[in-house]
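For the working numbering, add 298 to where a residue sits in the sequence shown, where the first one is 1. Ideal placement from N, C-alpha and C gives every residue a C-beta, glycine not left out. The structure under discussion appears below in the form of structure tokens.
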Amino acid sequence: MQHPFTSPARVLAYSLALIMTACGEGKKTTGEETAGESKPAGPVGFDIAYMDTTVSPCANFEQFAVGNWIKNNPVPSTESRWGSFNILGEENNERLKGLLEELLQKENLSVGSYEQVAADYYYSALDTDNIEKKGASDLKAQLEEINAITSLKELTTLSANLQTKGVRNLFGFFVAQDDRNSSQYISQLYQGGLGLPDRDYYFNTDDRSKMIRDEYLKHLATMFKLIGADEATAAAKAKTVMDIETKLAKASRTRIELRDPEKNYNKMPLAKLKSLAPSLDWDAFLAGAGVNSEVAGEFVVGQPEFFKALQVTLTNVKLDDWKTYMIWHLLEHSSVYLSSDFVNADFAFYNTVLRGTKEQKTRWKKALQMTNGALGEALGRAFVGKYFPPSSKKYMEQMVENLRSAFRERINGLTWMSDSTKASALKKLEAFTYKIGYPNKWKDFSSLHIDRESLVLNSQRASQYEFKEMVDKLGKPIDKDEWFMSPQTVNAYYSPNQNEIVFPAGILMPPFYNPNADDAVNYGGIGAVIGHEFTHGFDDQGSKYDGSGNLNNWWSDEDRKRFDDRSGMVVSQFNQFEALPGEFVNGSLTLGENIADLGGLILAYYALEKSYEGKEKPADIDGYNYHQRFFFGWANVWKQNINDAELSQRLVTDPHAPGRQRILGPLANISEFKEAFGCSEGDAMVQSGDKRAVIW
């Protein structure tokens, strides 16, 4: 199953890393580590046993700092990659499991309480006897509804209805802040409707892409056979789906094109939207989505040419073929919630073929992943009450202000930026707000019906609850307290429309933040994370938004060109990283994250220095000074092993560079790293002066 539709160039595009669903540090061990057993960071925050000191830090800092960890921690069979995000996520999952088991022991939980919906959802996901008995029977009425469609109007209504249930199809619809007027919410439409991870998978001519298309056709046929189609019919239906999706893919923009928030902002009234794709009954769609067209007013259409092409496809493709397409997307979304024959087929393609994962997770981990995905805030409310101490929040608040102060000084000291643009940058920096730990107010689940009878229907009801919450924002003031990640998530994000950085409780733990660690390692870990999110407000995308969260050019033309020239150096550097034989990092796709990594490191380094002003500098630990240990903290965060298949997919789809390149790429541009380890011009970890990228 693919992830639900999210808007590129929005909040989650500015997150530190893609959200991890299963990760954890094991108990302390002695000797070497194994994949399932990771030694937690000790009282100094970084374990020198991770290091491979046979390699010079100036030749390959990743190998020097964490080479032994990489050697001794292969990717577990149930994962496609394994690193710090996974390790902490796994530990948080164990914590969540304990909390859910406690809830399951309680009787008479109040209906509609966060405890009841979380406990009963988790129970329904654990009850494999019931799931196997049901098979796909809970989808029978919905499959019949699709087959009964007689017109494009009914198809449009169905499209909306399925989207409310979390089923991606045709295109994406969501409600979010208006990029040109962040004080209001607006309905937004985006390209979508694909079953493969990216449009390029439908066209690339390399052997792996051809193999994936062949396997996708087989998977499509398998799924149709599971609902009763014979071999020939299933194969024909598979081809139908592939043909439609290929047409949609052809009309879709590339991920690089989607990174430009200005080009993907096209506001229009409903009348113009109707003329853009008249075969879609937009009144029927809005009604099916629960949207009052009068309240909705105008719409932002991300990619108008996609909807023009969709109009042509709607009229040229037979209605029966559209029914087949809709049935597939209902199955694609629902398969993980059904009996094992559906689950196994889904895993074989989406996890093994695409990502190289060899083995499915144990049932409780699957159940937790589903519950967490559907009801993250309900679980988060229980999580922070037990696992997030006030002292962590206080430390983070101080660190954020230290980073802000360092950024202020960096902006004032820039030699390439004019005073007028500096003033605008500083104004935006001062307007930054931040959230730490968990929301000030919690969701009210009293209107959500969750029972123990049907996992797949629970998943749909949870999606409908979230969808209604989203569309109900139209016409209302901006909710400044809203969070776009659950508190237990191992991640962080920057919101351009809110101009805020957010750090969930889930990431404020080792190895990112360790209250027992020395400040140098913490600043190289969570400090660089804070700096990363700050810098997103000033990367190639975020820099197009002002301090109020609006797309608004606050740059002089000359300064923007100088910024673009420096950004181009980052693109060129990362384009040269060969992650797999013949497969390279896409410097344009990963530009925003690479700028944020580079800026985050610099800001954290100087914030650490500021924290020692007027104090005695710390003593060396394990023979390394605090400058060196700062960079160990960075490597500790991004250490990772990854399957080739997963890496290959991420090179196409992920706006983040792989972990290895996130360690190596930024450091080579930082003169402070060169000085800390006594590196010289010409060393692999040192970019030559004329190619060294210094932006913020």
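| query | Looking only at DSSP bridge pairs, what is leucine 487 linked to? | reply | Residue numbering aside, residue 487 sits at position 189 when the sequence shown is read from its first letter. Beta-bridge pairing links leucine 487 to Phe471 and Val599.
| task | Please name the residue, chosen from Phe801, Asp863, Arg466 and Asp345, that lies closest to tryptophan 714 on a Cα-to-Cα basis. | result | Taking the sequence shown and counting its residues from 1, the one referred to as residue 714 is at position 416. The shortest Cα separation from tryptophan 714 among Phe801, Asp863, Arg466 and Asp345 belongs to Asp863.
| task | Mark alanine 357 as exposed unless 16 or more other C-beta atoms lie within 10 angstroms of its C-beta, in which case mark it buried. | result | Within the sequence shown, the letter at position 59 stands for residue 357. Under this definition alanine 357 is an exposed residue.
| task | Measure the C-alpha to C-alpha separation of asparagine 406 and alanine 417 and round it to an integer number of angstroms. | result | Residue 406 sits at position 108 when you count from the first residue of the sequence shown. Residue 417 sits at position 119 when you count from the first residue of the sequence shown. Going from the Cα of asparagine 406 to the Cα of alanine 417 covers about 11 angstroms.
| said: Pull the bridge partners of tryptophan 380 from the DSSP assignment, please. | reply: Counted from its first residue, the sequence shown places residue 380 at position 82. Per DSSP, Asn939.
| Between the CA atoms of asparagine 795 and glutamine 762 - distance to the nearest angstrom | Your numbering for residue 762 matches position 464 in the sequence shown. Your numbering for residue 795 matches position 497 in the sequence shown. Approximately 25 angstroms, taken between the alpha carbons.
| query | If we ignore side chains and look at the alpha-carbon of each, how far apart do threonine 319 and arginine 759 end up? | reply | Taking the first residue of the sequence shown as 1, we reach residue 319 at position 21. Taking the first residue of the sequence shown as 1, we reach residue 759 at position 461. Below a pLDDT of 50, predicted positions are generally treated as unreliable, and threonine 319, at 28, falls in that range; no measurement from the model is reported.
| request: Kindly indicate which three-state DSSP category aspartate 476 falls into: helix, strand or coil? | output: As a first step, residue 476 is located in the sequence shown; it is residue number 178 there, counting from the start. It is a strand residue.
| request: Report the three-state DSSP secondary structure of lysine 548 (helix, strand or coil). | output: Taking the sequence shown and counting its residues from 1, the one referred to as residue 548 is at position 250. Helix at lysine 548.
| When DSSP labels each residue in this structure, what does valine 800 get in the three-state scheme? | Sequence index remark: in the sequence shown, residue 800 carries index 502 (1-based). It is a strand residue.
| If you draw a straight line from the alpha carbon of lysine 774 to that of asparagine 479, how long is it in whole angstroms? | By 1-based counting over the sequence shown, the position of residue 774 is 476. By 1-based counting over the sequence shown, the position of residue 479 is 181. Put simply, the backbone Cα of lysine 774 is about 14 angstroms away from that of asparagine 479.
| task | Report yes if the CB atom of arginine 653 is closer than 9 angstroms to the CB atom of glutamate 944, and no otherwise. | result | Residue numbering aside, residue 653 sits at position 355 when the sequence shown is read from its first letter. Residue numbering aside, residue 944 sits at position 646 when the sequence shown is read from its first letter. For the 9 angstroms CB-CB criterion, arginine 653 and glutamate 944 form a contact.
| query | Given threonine 538, which residues of its chain have a CB within under 8 angstroms of its CB, disregarding the five upstream and five downstream residues? | reply | As a position in the sequence shown, residue 538 is number 240, starting the count at 1. For threonine 538, the CB contacts under 8 angstroms within the same chain, skipping 5 residues up- and downstream, are Asp619, Thr622 and Tyr623 in chain order.
| request: Please specify which runs of the beta strand (DSSP E), each continuous and at least 3 residues long, are wholly inside the region 679–756, giving them in chain order. | output: For the region 679–756, the continuous beta strand (DSSP E) assignments of 3+ residues that do not extend past its boundaries occur at 731–735, in sequence order.
| Expressed to the nearest angstrom, what Euclidean distance is found between the alpha-carbon atoms of leucine 556 and alanine 547? | Translated into positions along the sequence shown, residue 556 becomes position 258. Translated into positions along the sequence shown, residue 547 becomes position 249. Rounded to whole angstroms, leucine 556 to alanine 547 spans 14 angstroms at the Cα level.
| query | Looking at the unbroken alpha helix (DSSP H) that takes in glutamate 876, where does it start and where does it end? | reply | By 1-based counting over the sequence shown, the position of residue 876 is 578. Careful: glutamate 876 lies outside any alpha helix (DSSP H), inside the beta strand (DSSP E) at 876–878.
| message | Which residue wins for smallest C-alpha separation from lysine 572, given the options Leu487, Gly396 and Gly588? | response | For the purposes of this step, residue 572 is identified with residue 274 of the sequence shown, where counting begins at 1. Checking every option, the nearest Cα to that of lysine 572 belongs to Leu487.
| query | Alpha carbon to alpha carbon, how far is glutamate 603 from alanine 549? | reply | Indexing the sequence shown from 1 puts residue 603 at position 305. Indexing the sequence shown from 1 puts residue 549 at position 251. One C-alpha to the other measures close to 7 angstroms.
| Enclosing alpha helix (DSSP H) for proline 567 [first to last residue] | The count along the sequence shown starts at 1 and reaches residue 567 at position 269. Note, proline 567: premise wrong, no alpha helix (DSSP H); beta strand (DSSP E) at 565–567.
| Taking DSSP as the reference, what is the three-state secondary structure of isoleucine 447? | Position 149 of the sequence shown, counted from the first residue, corresponds to residue 447. Assigned with DSSP and collapsed to three states, isoleucine 447 falls in coil, not helix or strand.
| query | I think isoleucine 799 touches isoleucine 824, with their Cβ atoms under 8 angstroms apart; what is that distance to the nearest whole Å? | reply | Along the sequence shown, one-based indexing puts residue 799 at 501. Along the sequence shown, one-based indexing puts residue 824 at 526. 12 angstroms between Cβ atoms; not a contact.
| field | Coil, strand or helix - serine 870 by DSSP | value | Mapped onto the sequence shown, residue 870 falls at position 572. It is helical.
| asparagine 590, buried or exposed, once every other Cβ within 10 Å from all chains shown has been counted against 16 | As a first step, residue 590 must be located in the sequence shown, where it is residue number 292. So asparagine 590 ends up on the exposed side.
| Where DSSP assigns a beta bridge to glutamate 881, which residues make up the other side? | Here residue 881 is taken as the residue at index 583 of the sequence shown, counted from 1. DSSP output for glutamate 881 lists Leu878 as bridge partner(s).
| request: Would you mind working out which of Asp895, Asn884 and Asp770 sits nearest alanine 474, comparing C-alpha positions? | output: Taking the first residue of the sequence shown as position 1, residue 474 is located at position 176. Closest in C-alpha terms to alanine 474, from the list Asp895, Asn884 and Asp770, comes Asp770.
| request: Could you tell me if serine 457 is buried or exposed, where buried requires 16 or more neighbouring beta carbons within 10 angstroms of its beta carbon? | output: Indexing the sequence shown from 1 puts residue 457 at position 159. Around the beta carbon of serine 457, 16 or more other beta carbons lie within 10 angstroms, which makes this residue buried.
| Is the beta carbon of glutamine 959 sitting closer than 9 angstroms to the one on valine 869? | As a first step, residue 959 is located in the sequence shown; it is residue number 661 there, counting from the start. As a first step, residue 869 is located in the sequence shown; it is residue number 571 there, counting from the start. No, the Cβ-Cβ distance between glutamine 959 and valine 869 is not below 9 angstroms.
| query | Under three-state DSSP, which class holds glutamine 762? | reply | For the purposes of this step, residue 762 is identified with residue 464 of the sequence shown, where counting begins at 1. In this structure, glutamine 762 counts as helix in the three-state DSSP scheme.
| field | Cβ pair glycine 896, tryptophan 994 closer than 9 angstroms | value | Within the sequence shown, numbered from 1, the residue matching residue 896 stands at position 598. Within the sequence shown, numbered from 1, the residue matching residue 994 stands at position 696. Going by the sequence as given, residue 896 is leucine instead of glycine. Closer than 9 angstroms, so yes.
| Near aspartate 942, what residues of its chain come up, given a Cβ to Cβ distance below 7 angstroms and the 5 sequence neighbours on each side ignored? | Looking up residue 942 in the sequence shown gives position 644. Taken in chain order, the residues that qualify are Gly654 and Leu878.
| said: For proline 737 and tryptophan 781, which I take to be in contact (beta-carbon distance under 8 angstroms), what is that distance rounded to the nearest angstrom? | reply: Within the sequence shown, numbered from 1, the residue matching residue 737 stands at position 439. Within the sequence shown, numbered from 1, the residue matching residue 781 stands at position 483. Proline 737 to tryptophan 781, Cβ: 5 angstroms. Contact.
| task | Identify whether tyrosine 997 lies in helix, strand or coil by the three-state DSSP scheme. | result | One cannot answer for residue 997 here, as it falls past the ends of the chain, which runs 299 to 994.
| Is the number of C-beta pairs between the region 525–541 and the region 576–594 that are closer than 8 angstroms three or more? | By the Cβ rule, the region 525–541 does not count as touching the region 576–594, because fewer than three pairs are nearer than 8 angstroms.
| In whole angstroms, what is the alpha-carbon distance linking glutamate 377 and asparagine 848? | Here residue 377 is taken as the residue at index 79 of the sequence shown, counted from 1. Here residue 848 is taken as the residue at index 550 of the sequence shown, counted from 1. The straight-line gap from Cα to Cα measures roughly 39 angstroms.
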